[in-house]
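J.: Got a structure for you, questions after.
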């Protein structure tokens, strides 16, 4: 591709009353002035982009912007000694797709310190099957491991299990030998079957998850991965076994936490936050290396749906409305 050749990109601009997303033909000269030029194969669609397209929570901070918090592709040009033309790379996090142009384009120019090399044994499609969702899930599992939670410790609860992070967490934990219970609001048998297909042994969906817990409830969980927050997280903490750990990364139900100190001081429970956006590069690389083997390809095939770039705004609305199960991969060349 020469600098005058055009490529497809999904560009979001500010309209008079709302944001306007449209497919445009750009050239390399239109891209930001960063040090690595990448030919993009795939990106992903996440809840964060759903909020962005709906103009909520100020997700998109610059305009115009090419969204997309993830990408995987091939280096075309590089001014960085760390990356050479022809090498495969992954980008996720670092506020790309929010404060910087992201992956919803066939070409992207990205800061080299935002990139990691694609691990051996993984292609770019699998990398985006995993995406920020699976990478975050791996960080959550690593956090539980570091807290001493092992497959022999007892059941692990995963909330938001029908979403990207939750689904990947279920699949990773199952591959590693943990006994997984998936929490979902859905009563649909097809959703429960989906969760069991990707690795859940039990399903939790009772009315109690909508109600505030007592300071301490019956001990059920050796560990938990929470994407929801608020009253759900409060109940998880109240139901943790002695010495258990909760890894938390989400606030789908709210950022409040209506709980007490009782689980922490009477049961030695720990609550550990997990950030995937600004995670240091060495830990980021460690997570991606583990994802070569620590999640089953069969589960990834079940969790993921691939869509063309033009369909991103429509699927973003469906995702925000809670009508999407699993994880969405964006084929920017389709």
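In my numbering, the protein residues as written are 299 to 632.
Even for Gly, the Cβ is constructed at its ideal location relative to N, Cα and C.
Note that this is a predicted model, so its numbers are computed, not measured.
According to DSSP, is residue 495 part of a helix, a strand, or is it coil?
T.: Residue state, collapsed to three classes: helix.
J.: For residue 399, which beta-bridge partners are listed by DSSP?
T.: Looking at the DSSP assignment, residue 399 forms no beta bridge with any residue, so it has no partner.
J.: What residue does the beta strand (DSSP E) around residue 606 start on, and which one ends it?
T.: Here the beta strand (DSSP E) through residue 606 covers 602-606.
J.: Select from 491, 474, 349, 475 the residue whose C-alpha is nearest the C-alpha of residue 482.
T.: The candidate whose alpha carbon is nearest that of residue 482 is 491.
J.: Are the C-beta atoms of residue 533 and some chain B residue less than 8 Å apart?
T.: The question asks about chain B, but that chain is absent: this structure has only one protein chain.
J.: Taking just the CA atoms, how far does residue 417 sit from residue 243?
T.: The first residue shown for the chain is 299 and the last is 632, placing residue 243 beyond what the model contains.
J.: Roughly how many angstroms lie between the CA atoms of residue 603 and residue 378, to the nearest whole one?
T.: Whole-angstrom Cα-Cα distance: 34 Å.
J.: Is it true that the CB of residue 408 sits closer than 8 Å to the CB of residue 332?
T.: It is a contact, given that the beta carbons lie within the stated cut-off.
J.: Compare the Cα-Cα distances from residue 545 to each of 534, 570, 552, 532 and report the closest residue.
T.: The shortest C-alpha separation from residue 545 is found at 570.
J.: Could you tell me whether the stretch 310-329 touches the stretch 394-413, where touching means 3 or more Cβ pairs closer than 8 Å?
T.: Taking 8 Å as the limit for Cβ pairs, the verdict is that the stretch 394-413 does touch the stretch 310-329.
J.: Would you report the Cα separation of residue 391 and residue 368, rounded to the nearest angstrom?
T.: The alpha-carbon atoms of residue 391 and residue 368 are separated by roughly 7 Å.
J.: For the beta strand (DSSP E) that contains residue 507, what are its first and last residues?
T.: Here residue 507 belongs to no beta strand (DSSP E), and DSSP marks it neither H nor E.
J.: Would you kindly work out how many angstroms separate the C-alpha atoms of residue 495 and residue 415, rounded to a whole number?
T.: Distance between the alpha carbons of residue 495 and residue 415 is about 31 Å.
J.: Mapping the DSSP letters down to three states, classify residue 527 as helix, strand or coil.
T.: In this structure, residue 527 counts as coil in the three-state DSSP scheme.
J.: In chain order, which continuous runs of the beta strand (DSSP E) of length 3 or greater are located wholly inside the stretch 371-451?
T.: Entirely contained in the stretch 371-451, the beta strand (DSSP E) runs reaching 3 residues are, in chain order, 386-390, 405-408, 413-415.
J.: Using the beta-carbon count (16 or more within 10 Å), is residue 364 buried or exposed?
T.: Burial call: buried.
J.: Kindly list the residues whose CB is nearer than 8 Å to the CB of residue 606, restricted to its own chain and excluding five residues on each side of it in sequence; keep chain order.
T.: Contacts found: 628, 629, 632.
J.: Beta carbon of residue 507, beta carbon of residue 538: below 8 Å?
T.: Taking 8 Å as the Cβ cut-off, residue 507 and residue 538 do not qualify as a contacting pair.
J.: Report all residues from its chain with a CB closer than 6 Å to the CB of residue 648; omit the five preceding and five following residues, and keep chain order.
T.: Residue 648 lies beyond the residue range present for the chain, which begins at 299 and ends at 632; the question has no answer from this structure.
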